[in-house]
Amino acid sequence: MSRRTVWLISAIWLALVAASFIALALTPATDFGFTRGLNRLMVFLSWQAGAFVAAIAAFFVTWNLVGGTRTDRLIGNFPLGAMAAFYAVIIAVSVYFVSLEASDQSDAVRPTPKTVAPAPQTE
111 MSRRTVWLIS AIWLALVAAS FIALALTPAT DFGFTRGLNR LMVFLSWQAG AFVAAIAAFF
171 VTWNLVGGTR TDRLIGNFPL GAMAAFYAVI IAVSVYFVSL EASDQSDAVR PTPKTVAPAP
231 QTE
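So the sequence shown is numbered by this note's numbering: it starts at 111 and just counts up by one.
So, in structure tokens, the structure goes:
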């Protein structure tokens, strides 16, 4: 594989990542209720899947690169590292918010207060 192939695939990866965020911003949220906005998420994830495939391709092309410079190897390996970091952040944020929701629900279970008998009426 050549240096030009590494740079080309990395440029395609960058274009796909940019397209995913542009599509996310430009796609209107349709539907009603719970599913409102899921179409935006699906468009975003579709472009991200394409970018992930390009990142894997760049990694393997860089792996087989003969005579490439250190910059070529960095350019070829960066897309996969960036995608892994991006997905790790998404998973960490999701776990954090799920744990917040779980802790809020545990606070919602409170013991019932004891009833106090009314004071006796004096005449």
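We treat Cβ as the ideally placed atom computed from N, Cα and C, and that holds for glycine.
Note that this is a predicted model, so its numbers are computed, not measured.
For this session: Return the CA-CA distance between L175 and A165, expressed in angstroms with no decimal places.
Result: Cα-Cα distance, rounded: 15 Å.
Exercise. Given a threshold of 16 other Cβ atoms within 10 Å of its Cβ, counted over all protein chains shown, does V204 qualify as buried or as exposed?
Worked result: Before going further, note that residue 204 is Ser rather than Val in the sequence given. By the neighbour-count rule (16 or more Cβ atoms within 10 Å), S204 is not buried but exposed.
Exercise. So, do the segment 175-185 and the segment 143-162 have three or more beta carbon pairs nearer to each other than 8 Å?
Worked result: No contact exists between the segment 175-185 and the segment 143-162.
Problem set entry | Option nearest L124 by Cα separation, candidates F142, R180, P138 and G186 | G186
Problem set entry | F131 versus R113, A161, A227 and F142, residue with shortest Cα-Cα distance | A161
Problem set entry | Whether G147 touches A139 by CB criterion (8 Å) | yes
For this session: Go to T115, then tell me how far its alpha helix (DSSP H) extends in each direction, as first and last residue.
Result: R113 to L136
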